[in-house]
Amino acid sequence: AQSVTQLDSQVPVFEEAPVELRCNYSSSVSVYLFWYVQYPNQGLQLLLKYLSGSTLVKGINGFEAEFNKSQTSFHLRKPSVHISDTAEYFCAVIGDSNYQLIWGAGTKLIIKP
Amino acid sequence: KAGVTQTPRYLIKTRGQQVTLSCSPISGHRSVSWYQQTPGQGLQFLFEYFSETQRNKGNFPGRFSGRQFSNSRSEMNVSTLELGDSALYLCASFAGTATDTQYFGPGTRLTVL
Numbered sequence: 240a241q242s243v244t245q246l247d248s249q250v251p252v253f254e255e256a257p258v259e260l261r262c263n264y265s266s267s268v269s270v271y272l273f274w275y276v277q278y279p280n281q282g283l284q285l286l287l288k289y290l291s292g293s294t295l296v297k298g299i300n301g302f303e304a305e306f307n308k309s310q311t312s313f314h315l316r317k318p319s320v321h322i323s324d325t326a327e328y329f330c331a332v333i334g335d336s337n338y339q340l341i342w343g344a345g346t347k348l349i350i351k352p
Numbered sequence: 024k025a026g027v028t029q030t031p032r033y034l035i036k037t038r039g040q041q042v043t044l045s046c047s048p049i050s051g052h053r054s055v056s057w058y059q060q061t062p063g064q065g066l067q068f069l070f071e072y073f074s075e076t077q078r079n080k081g082n083f084p085g086r087f088s089g090r091q092f093s094n095s096r097s098e099m100n101v102s103t104l105e106l107g108d109s110a111l112y113l114c115a116s117f118a119g120t121a122t123d124t125q126y127f128g129p130g131t132r133l134t135v136l
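Chains as they are written, first to last, in our numbering: chain H, 240 to 352; chain L, 24 to 136.
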């Protein structure tokens with residue numbers, strides 16, 4: 240069975256500092272990996288996804304993530320955060336043979352001025 | 024291109040009642056997924072429809088049901104509402120394969136009193 244673990248429930252960081260949000264997954268089959276962002280009182284928006292190929296994936300709003308198969312990780316990074324990045328970030332996995340996203344518990348990114 | 028729309032946005036019901044939520048996918052998308060989001064359980068998959076057929080179902084009781092129409096619009100129904108059904112219900116539309124991006128609507132906030 241697939242599962243996703245987001246290691247931090249909250250990550251406080253100063254504005255313009257770099258940030259890394261951690262995600263580990265477990266699966267016995269090939270998976271596809273996603274990062275979504277949820278702003279307050281809104282739905283989910285895709286930041287980036289890994290399907291195959293280059294392990295470094297670039298997304299919107301300056302975010303990127305690196306797929307590491309040996310460590311079963313898909314950590315999200317941004318070199319310099321802004322107050323507008325305040326949101327909750329979700330890592331998700333989907334298997335090739337099904338169509339349901341399995342979600343991590345989410346990480347709240349808190350930007351300190 | 025219009026996004027995913029969900030109606031109503033907010034709903035207040037009492038225990039024992041039933042409720043129907045609606046989701047209109049992005050034009051051309053044939054698949055709709057439903058997810059429940061609560062502070063305690065996070066994001067959980069309810070079911071997924073493709074061309075009017077349910078392809079996947081999550082671990083929810085039979086009180087939760089859904090359907091998809093020929094125009095790809097989908098409805099989900101919850102009968103005999105319980106307090107624990109209070110949640111944000113999100114629908115997502117995508118073309119139909121596991122590698123497709125799932126685009127989310129703003130959600131319906133259901134409160135059960």
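Cβ coordinates follow ideal geometry from the N, Cα and C atoms, glycine included.
With a threshold of 16 other CB atoms inside 10 Å of the CB of residue i, please say whether the residue is buried or exposed.
i, result
"residue 33(L)", "exposed"
"residue 71(L)", "buried"
"residue 136(L)", "exposed"
"residue 226(H)", "Lying outside 240 to 352, the shown extent of chain H, residue 226(H) is not represented and no answer is given."
"residue 333(H)", "buried"
"residue 268(H)", "exposed"
"residue 339(H)", "buried"
"residue 85(L)", "exposed"
Can a CB atom of chain L be found closer than 8 Å to the CB of residue i?
i, result
"residue 246(H)", "no"
"residue 344(H)", "yes"
"residue 288(H)", "yes"
Taking 8 Å as the limit between beta carbons, can you name the residues of its chain near residue i, skipping five residues before and five after?
i, result
"residue 39(L)", "103, 104"
"residue 37(L)", "104, 135, 136"
"residue 60(L)", "66, 67, 110, 111, 112, 113, 130"
"residue 255(H)", "319, 320, 321"
Check whether the Cβ of residue i lies closer than 8 Å to any Cβ atom in chain H.
i, result
"residue 96(L)", "no"
"residue 90(L)", "no"
"residue 79(L)", "yes"
"residue 34(L)", "no"
"residue 136(L)", "no"
"residue 106(L)", "no"
Practice problem: Would you check if there are 3 or more beta carbon pairs closer than 8 Å linking the region 46-55 of chain L to the region 24-36 of chain L? | Solution: yes
Quiz item: the region 45-76 of chain L: which residues have C-beta closer than 8 Å to a C-beta of chain H, in chain order?
Solution: 54, 56, 58, 65, 66, 67, 68, 71, 73
Quiz prompt | Contact residues within the region 115-132 of chain L, judged by C-beta distance below 7 Å to chain H | solution = 121, 122, 124, 125, 127, 128, 129, 130
Exercise. Give the residues from the region 292-317 of chain H that approach chain L closer than 9 Å (Cβ to any Cβ), ordered along the chain.
Key: none
Quiz prompt | Residues in the region 320-341 of chain H having any Cβ partner in chain L nearer than 9 Å | solution = 329, 331, 333, 334, 335, 336, 337, 338, 339, 340, 341
Quiz item: Pairing CB atoms from the region 54-62 of chain L with CB atoms from the region 107-122 of chain L, are three or more of them under 8 Å?
Solution: yes
Practice problem: Could you tell me whether the region 277-297 of chain H touches the region 124-131 of chain L, using the rule of 3 or more Cβ pairs below 8 Å? | Solution: yes
Quiz item: Quick one, which residues of the region 272-286 of chain H are near chain L if we go by CB-CB under 9 Å, in chain order?
Solution: 273, 275, 277, 280, 281, 282, 283, 284, 285
Self-check item: Three-pair Cβ contact test at 8 Å for the region 72-83 of chain L versus the region 292-303 of chain H
Solution: no
Practice problem: State whether the region 306-316 of chain H contacts the region 259-276 of chain H, with contact taken as three or more CB pairs (one from each stretch) at a distance under 8 Å. | Solution: yes
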